[in-house]
Amino acid sequence: MSSKVICGSNKMVQQDVSIVEDQGQYSSSCGYCKSSGNTSISYGLWAHSLSVYDYEGMFLYKPEMEVSCCPPYTIRLKVNSFCPSNEQNRVIRRMQRYLDGTYDGPLSSTREDSSISDLENPTKVDDLVPNRPSEKLCCNVKSDHSPRGPDSVATSNDVDNITKKLCNAVQNALDSLYETGLLPRDLKISSIVVQKVHPAMRKRIKTSTAGRVGYSCNVAFSVAAMLSKHKEADTYIEALQQAVDYASKKQDTRNKVSPCLFAEVLASKLQGGARLYGYEVEACNGHLNFLIQDSDKLGIQDKESLYSSKRVDKEVLSSRMQGKCGSHIISRGIRSKRILEVRMKRSAFDPEEFALYKRYQIAVHHDRPDDVKESSYIRFLVNSPLKFVPPSGSETVFCGFGSFHQQYRIDGCLIAVGVVDILPSCLSSKYMFWEPDLAFLSLGKYTALKEIEWVQMAHAECPSLEYYYLGYYIHTCPKMRYKAAYRPSELLCPVTFQWVPFEIAEPLFDRQPYICLSNYVANAEQYTNNDTNKDTLVSFKDDNDFNDCISEKGTRTTQDASYLSGLASSSKETEDVGNTLLKLGEDFLQFKYLQGCIDERIIRGLVLQLREYSQRVGPTLATKMAYVLS
């Protein structure tokens, strides 16, 4: 970035300068703990334009962590040190099997050698649809494998095969809850039982879907019993309630361990997979019921063809994946290999991306359709103050620096979009949305692994680009726990701005949410940010300019607050901010050139304002970014 003084003038010509406007401190309600008051407090800047060299993965608001209810810590990963866990390797293998056509969702075999058995013993539709809709079934009755009723078409072996597939589906749903932090990892269910509901018991229930219940599972009762004894039960219950908007529907059960709650959460996780094989999933009185779909809903005109098919491929794609209208389509024969393609695009509005985003927000985050608007989407994920830097040899990556959308397509169909900022030293992951019907592929985790892989490859071309930023980590938010699984990750100390290994920080959060992490590092100097550009927003570090220190209990104490008292500013204090770059109208100039030109009382007020600004962004950025004076 260049700047020069025009001869005979105090004005400065700035090229590629970041222009920011002070928004001050503000408070809002917290989306993590759902507090009733405005307990989330931040300091904000409005970026009219922003250089990629002044920005390193943090938003243009700086959380006031010591006074906020849920302090967010910046988290990053040095990609060349990344060591994938067994769980992350399973995500990669699962996707590869899906691309190879040997895995099609929770109801397909979960064994690694499933491809062999599936090809040697092709699945029959008879195996997947055991009963025709008939008389009413009881949704909460256990039944053994007694002789079949007159309306049953499945043999005893068929029933065993189906129950095994459904058990695998339920296990995958539970695994998903562990992975996303909605259930504690130390809570493990020893066994899952799915049982066929006997026709003789069907008349005991009087619900609209009773006649379609084929199988039932009571695992939610086991989960509820075990979680009720867990020390952090209330935290997980609240997160689960939010996941299915359960609290608003069942006010009397808030903070209670309820099998009905777990049944609803599991049903929502299972919807994408079980439906594809002739079943819908329903939560009823704490039970998971597997319902046989009507043939019309399967998109099959001739109902008898469903039962007479000799063999079909287990791949059942939604109409969106096929690009057709109507319901699901069953493909015959062995499916050819699918092709995954990742495309990098400059940030811009794309109707196809917005349609996927809307489906994702409604299905995963339970937004109301009317609340998912193009205008908010554009403001949230399309508009960016970052100025694009085109590729130029080894100084940038092949796509340049700026804001991008990474599209993931399978056979040309859009399945996921990652919204990222690519910067000189990192890829900052801002948001990810994906196809809800493919939830069984753990696309959030898979795309994060692909982003890490992308940075590893880009590092060979642009050596300065070596970090993967995952945004913020909030220890009290179970949904954010997955970020720490990308190891070895680091958290930024909010006081000294040193990077601290997550393994050191994690046990400290059990004491209190806000803490000076670097106090607990045995040798803090080795974790000091020596390799990150000191001119970046993520590096506010400068102990001399950060006049506040935080005690171990998180109380804010002021070492020198005279500049906040309204007293006359000293010449030393004025010098501290004298080189701060200002934008006044169309002109750029340093603050020191205003002295003697305007009233001293205005100067004193500006000194207070600029010193606070300099504390937030650091002295280096204060001299580089243009601070708007209105």
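If you count by UniProt numbering, then the sequence shown holds residues 1 to 630, one letter each, in order.
Beta carbons: idealized from backbone N, C-alpha and C, even for Gly.
This one's a predicted model, so the numbers in the text were calculated from it and none came from an experiment.
Mind listing, in chain order, the continuous alpha helix (DSSP H) runs of no fewer than 4 residues lying wholly within the region 409-454? none
Which word fits Pro-478, buried or exposed, when buried means at least 16 other C-beta atoms lie within 10 angstroms of its C-beta? buried
Counting C-beta neighbours from all protein chains within 10 Å, is the total for Pro-71 16 or more, i.e. buried, or is it exposed? buried
First through last residue of the alpha helix (DSSP H) which encompasses Asn-289: Asn-289 -> not in any alpha helix (DSSP H); beta strand (DSSP E) instead, spanning 287-292.
Determine, using beta carbons only, whether Lys-430 comes closer than 8 Å to chain D. Although the question refers to chain D, the structure presented lacks it and comprises just one protein chain.
Specify the secondary structure class of Gly-105 as computed by DSSP and reduced to three states. coil
Quick one: what does DSSP say Cys-516 is sitting in, helix, strand or coil? coil
Are the CB atoms of Ala-243 and Leu-182 within a distance shorter than 8 Å? yes
State the start and end residues of the unbroken beta strand (DSSP E) segment that holds Ser-68. Premise fails: Ser-68 is in no beta strand (DSSP E) and is neither H nor E.
Drop a sphere of 10 angstroms on the beta-carbon of Ser-425, count the other beta-carbons inside from all chains shown, and report buried for 16 or more, exposed for fewer. buried
Val-397: beta carbon under 7 Å from a heavy atom of the ligand SAH? This structure simply doesn't include the ligand SAH, nor any ligand for that matter.
Should the region 361-371 be called in touch with the region 383-403, which here means at least 3 C-beta pairs below 8 Å? no
Between the Cα of Val-342 and the Cα atoms of Leu-608, Leu-449, Leu-270, which residue gives the shortest distance? Leu-449
Nearest-angstrom Cα separation, counted from Ser-216 out to Leu-187: 22 Å
For the candidate residues Pro-385, Arg-90, Glu-600, Leu-443, whose alpha-carbon lies nearest to that of residue 632? The shown model of the chain, from 1 to 630, leaves out residue 632, and the question about it has no answer.
List the whole-angstrom C-beta distance separating Tyr-468 from Leu-427, where the pair is believed to meet the contact cut-off of C-beta under 8 Å. 6 Å
Near Gly-400, which residues of its chain fall below 7 Å by C-beta distance, leaving aside the five closest residues on each side in sequence? Phe-388, Val-389, Pro-390, Pro-391
Coil, strand or helix - Phe-509 by DSSP: helix
Could you tell me the boundaries of the beta strand (DSSP E) in which Val-617 lies? It is not in any beta strand (DSSP E) - Val-617 instead sits in the alpha helix (DSSP H) that spans 600-617.
Short check: CB of Met-95 to CB of Leu-441, under 8 Å? yes
Roughly how many whole angstroms lie between the Cα atoms of Asp-313 and Ser-228? With a pLDDT of only 34 at Asp-313, under 50, the local geometry of the prediction cannot be trusted, and the value read off the model is given with reservation. In a straight line, the C-alpha of Asp-313 is about 42 Å away from that of Ser-228.
For Gly-412, does the count of other Cβ atoms within 10 angstroms reach 16, so buried, or fall short, so exposed? exposed
Buried/exposed call for Phe-380, threshold 16 Cβ in 10 Å: exposed
Spatial neighbours of Val-628 within its chain, please: CB distance less than 6 Å, with the 5 preceding and 5 following residues excluded, ordered by chain position. Glu-21, Lys-583
Considering only the alpha carbon of each residue, which of Gly-402, Asp-437, Gln-407, Ser-375 lies closest to Arg-421? The amino acid at residue 421 is misidentified as Arg; the sequence shows Asp. Per the Cα distances, Gly-402.
Please tell me whether Gly-286 and Phe-221 are closer than 8 Å, where the distance is taken between their beta carbons. yes
Quick check: what's the CA-CA separation for Arg-90 versus Ala-460? 27 Å
Determine the closest residue to Tyr-357 out of Trp-434, Leu-386, Phe-262, Ile-602, with distance taken between C-alpha atoms. Trp-434
Using three-state DSSP, classify Ala-626 as helix, strand or coil. strand
Three-state secondary structure (DSSP) of Thr-180: coil
Supposed close pair Leu-589, Met-625 - CB separation, criterion 8 Å: About 14 Å separates the two Cβ atoms, so there is no contact after all.
Pick out whichever of Ile-452, Leu-423, Leu-414, Ser-429 has its Cα sitting closest to the Cα of Asp-437. Leu-414
Suppose you measure from the CA of Leu-288 to the CA of Ile-19; what does that come to, to the nearest Å? 55 Å
Roughly how many whole angstroms lie between the Cα atoms of Leu-240 and Arg-212? 28 Å
I'd like the span of the beta strand (DSSP E) that includes Phe-588, first residue to last. 587-590
Whole-angstrom distance between Val-419 and Tyr-431, CA atom to CA atom: 5 Å
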